[in-house]
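Note that the protein sequences, when read in sequence, are chains A and B.
Just so you know, we're using the working numbering here: the first sequence kicks off at 1 and counts up by one.
Just so you know, we're using the working numbering here: the second sequence kicks off at 1001 and counts up by one.
Quick reminder that beta carbons are idealized off the backbone N, C-alpha and C, glycines included.
If you're wondering where the values come from, they're calculated on a predicted model, not measured in any experiment.
There are 2 protein chains.
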Amino acid sequence: MLIAQQEMLDWRGTGMSVMEMSHRGPEYTSIAEQAEADLRDLMGISDDYAVLFLQGGASSQFSMIPMNLLHGHTHADYLNTGAWSEKAIAEASRYTKVNVVVDAKPSHYRTIPDKAEWQLSDNPAYVHYTPNETIHGLEFAEIPEVGDATLVADMSSTILSRPCDVNRFGLIYAGAQKNIGPAGLCIVIVRKDLMGKTLPGTPVMFDYKIHADNGSMYNTPATYSWYLAGLVFQWLKQQGGLQGMAEINQRKAAKLYAAIDGSDFYANPVDVRYRSWMNIPFTLANSDLDKQFLADAAKEGLLTLKGHRDLGGMRASIYNAMPEAGVDKLIWFMSEFERRFG
Amino acid sequence: MLIAQQEMLDWRGTGMSVMEMSHRGPEYTSIAEQAEADLRDLMGISDDYAVLFLQGGASSQFSMIPMNLLHGHTHADYLNTGAWSEKAIAEASRYTKVNVVVDAKPSHYRTIPDKAEWQLSDNPAYVHYTPNETIHGLEFAEIPEVGDATLVADMSSTILSRPCDVNRFGLIYAGAQKNIGPAGLCIVIVRKDLMGKTLPGTPVMFDYKIHADNGSMYNTPATYSWYLAGLVFQWLKQQGGLQGMAEINQRKAAKLYAAIDGSDFYANPVDVRYRSWMNIPFTLANSDLDKQFLADAAKEGLLTLKGHRDLGGMRASIYNAMPEAGVDKLIWFMSEFERRFG
Chain A
1 MLIAQQEMLD WRGTGMSVME MSHRGPEYTS IAEQAEADLR DLMGISDDYA
51 VLFLQGGASS QFSMIPMNLL HGHTHADYLN TGAWSEKAIA EASRYTKVNV
101 VVDAKPSHYR TIPDKAEWQL SDNPAYVHYT PNETIHGLEF AEIPEVGDAT
151 LVADMSSTIL SRPCDVNRFG LIYAGAQKNI GPAGLCIVIV RKDLMGKTLP
201 GTPVMFDYKI HADNGSMYNT PATYSWYLAG LVFQWLKQQG GLQGMAEINQ
251 RKAAKLYAAI DGSDFYANPV DVRYRSWMNI PFTLANSDLD KQFLADAAKE
301 GLLTLKGHRD LGGMRASIYN AMPEAGVDKL IWFMSEFERR FG
Chain B
1001 MLIAQQEMLD WRGTGMSVME MSHRGPEYTS IAEQAEADLR DLMGISDDYA
1051 VLFLQGGASS QFSMIPMNLL HGHTHADYLN TGAWSEKAIA EASRYTKVNV
1101 VVDAKPSHYR TIPDKAEWQL SDNPAYVHYT PNETIHGLEF AEIPEVGDAT
1151 LVADMSSTIL SRPCDVNRFG LIYAGAQKNI GPAGLCIVIV RKDLMGKTLP
1201 GTPVMFDYKI HADNGSMYNT PATYSWYLAG LVFQWLKQQG GLQGMAEINQ
1251 RKAAKLYAAI DGSDFYANPV DVRYRSWMNI PFTLANSDLD KQFLADAAKE
1301 GLLTLKGHRD LGGMRASIYN AMPEAGVDKL IWFMSEFERR FG
């Protein structure tokens, strides 16, 4: 962010802000291409995949995926493990028959039923899942095994938090505002052979191939968000890449869960096998203290700890941008709060 | 921009960057609501209209408009006055029959045929036009009279450049990157009674009513672009609002056309009745000098003067953000260049 501030009015001596640049000029083109190259490098993305920098968030992908990937199939498979899965399923159901392979809702999204209970269909257009669910803090421990089916993942909240074997996926998408940074940018990594066969009536802006053929510049892209994402990619490379981030993120999550589990005052209800590295919901033994907890935390600069309105309690979202020292401070604060009120 | 830079890492003492704020938190909500209020104030937008801050640019609107406004009609009317009109027509034709009311293409987009020749249809879903065409610099001198029909305008390159009687329109849209500033934001002003009747298969993110019902926060919006747009709205109010901008913009355009018309070395081919205030294409008497002109101009800090690839020559885009002194400098440079090479 300091780099962004320093460069805001004058990008590398050009006298231009990145925001003033023509997206087709050589200055911006170099920024855009470097960002894509750095992302390909970080994630190990081969030339078999297009990397798209789109607008409209993951919510647009909920429609774009069936509109681009149905390819005449009668149905698609979806795993339901939380609120984002539900939204993806609701939108896909407007375009095709959805087979719900596994449903974590009966457990209140606290666990994922065992693989033996999954009902994968024959010949689905694709299999869609959400590796991490941000509201309930429920996360797959590994990539689901789906045989020859095309696997599609909403990685909005986990992309770049650890290494990822892209070759196991047909399509990966991620709204950038959680683990990358700027809102208004959605990254799509899609196997090239899957593009170009859209449903009739698909808007031109919802056609992956149009964007791929135009280097994500069919129209003016979200130039500044793309630039900021590029700065994040460079920062991640300096942190030791995704292996480095995985070590930091695993350590951050492990110590926060240890603090919660080691206390009778705090609790996290999620099956330990499927606990999120990114979003850690927890409750206080006495919910009457919730407001006090939030107010005192804010005084320490610990913000946005309020749990989602559907769930109540607290939620710590510890994405890539949250430094380990921030987690340490939260743990210290929780311990102090428990000492005073526990 | 200075304000944006000063506030980048700490918005008004919150310790948070606007980019870090939750879009549902009170800090960001106040920014978003103020921006809408300032835009309503500047343009005189009544409560009969929803004001939406969307993603996807004008190119997404090319599909959203028919998907939302056809309302069972058999066709829509489009005026063709340039490249952006053509794109809008091509996309709309995928959803309905398009009646081209008037076609400026035979004149190479240098004039608009007289009203007497227009072929408005009976009972169109709406009438779409592009008040200003950026490539050829062709602009309507006034709002077309279309009787009771719903008028729709792509104001990407003219919004906020002068006063506008919003009540004459059913829908106004504008990609923000030309006359407002940040790329990745598209403003839609739509009469409320027109929303809520979409074509089957319309993606949820392409439904105006969903966005209106959620205050443009059905999903995470382009938060930073929305914030920057709000700064621009406040700046415009300080410049005397749209009447003040109209006087400046008219003066800027008039003096640049006077310089072109007063020279045998430069020429602009557009019918004087339909010349753009915003985009002024011009040619040099000897096109062999084009490269020299661009190189010398760049040395004076006069950038992005190269004409569109379809047209060649030069193009001065003098949107709101271009100060009058910038136009004066361009005129001075053109005169010097003519003196040396003319």
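Neighbours of B/TYR1218 in chain A, taken as residues whose beta carbon is under 8 Å from its own, are SER59 in chain order. Exposed is the label assigned to B/LYS1291, since fewer than 16 other Cβ atoms lie within 10 Å of its Cβ.
Contact check for B/ILE1159 against B/ILE1143 fails: the beta carbons are separated by 9 Å or more. Taking C-alpha positions only, A/LEU303 is separated from B/PRO1200 by approximately 42 Å. A contact is defined here as three or more CB-CB pairs under 8 Å, and the region 173-186 of chain A meets this definition with respect to the region 53-69 of chain A. A/LEU79: member of the beta strand (DSSP E) spanning 75-80, first to last residue. Within 8 Å of the CB of B/GLN1119, no CB atom of chain A is found; the nearest one sits about 26 Å away. Collapsing the DSSP output to three states places B/MET1314 in a strand.
Ranked by Cα distance from B/ILE1065, the options B/LEU1194, B/GLU1139, B/GLY1262 are led by B/LEU1194. Counted as a single uninterrupted DSSP element, the alpha helix (DSSP H) harbouring B/LEU1256 occupies residues 1241-1261.
Against chain B, a Cβ distance below 9 Å from A/PRO221 picks out GLY1057, ALA1183, GLY1184. Using a 10 angstroms sphere on the CB of A/GLY72, the tally of other CB atoms stays under 16, which defines it as exposed.
Shown here, A/HIS128 sits in a strand according to DSSP, grouped into three states. Bounds of the alpha helix (DSSP H) holding B/ILE1065 are 1057-1069.
Taking 9 Å as the threshold, the shortest C-beta distance from B/LEU1151 to chain A does not fall below it. Close partners of B/TYR1095 in chain A (Cβ separation under 8 Å): GLY201. For B/TRP1011 and B/ARG1024, the gap between their C-alpha atoms comes out near 16 Å.
Distance from the CA atom of A/LYS97 to the CA atom of B/ALA1032, rounded to whole angstroms, is 38 Å. In this structure, the straight-line span from the alpha carbon of B/ALA1092 to that of A/PRO221 is close to 22 Å. Around B/SER1022, the beta-carbon contacts reaching into chain A at under 8 Å are THR304. Counting only residues of its own chain and dropping the five nearest sequence neighbours on each side, B/ILE1331 has a CB closer than 7 Å to the CB of LYS1255, LEU1256, ALA1259. For B/ALA1153, the enclosing beta strand (DSSP E) has its first and last residue at 1151-1154. Looking at the backbone, the Cα of A/ALA229 and that of A/PRO182 are separated by about 7 Å. If you ignore the 5 residues before and after A/MET67, its C-beta comes within less than 7 Å of the C-beta of TYR95, THR198, LEU199, THR202, PHE206, all in its own chain and listed in chain order.
Taking A/ALA295 as reference, the option from A/VAL51, A/ASP310, A/MET314, A/PHE282 with the minimal CA-CA separation is A/MET314.
In this structure, DSSP gives B/THR1283 an extended state, which the three-state scheme calls strand. Taking a 10 Å sphere around the C-beta of B/ASN1123, we find fewer than 16 other C-beta atoms and assign the residue as exposed. One alpha carbon belongs to B/GLY1056, the other to A/SER107, and they sit about 38 Å apart. Proximity of A/ALA212 to chain B, defined by a Cβ-Cβ separation below 9 Å, is not satisfied. Here DSSP, grouped into helix, strand and coil, assigns A/TYR49 to strand. Nearest neighbour of A/LYS87 by Cα position, chosen from A/ASP38, A/ALA37, A/ASP154, turns out to be A/ASP154. Counted as a single uninterrupted DSSP element, the stretch harbouring B/ALA1183 is not any beta strand (DSSP E), since DSSP gives it neither H nor E. Per DSSP, the unbroken beta strand (DSSP E) holding B/ASP1103 starts and ends at 1097-1103. The C-beta separation of B/LEU1079 from B/ALA1125 comes to about 15 Å, leaving the pair out of contact by the 8 Å criterion. In the DSSP assignment, B/ALA1174 falls outside any alpha helix (DSSP H) and within the unbroken beta strand (DSSP E) covering 1171-1175.
Assigned with DSSP and collapsed to three states, A/ARG24 falls in coil, not helix or strand.
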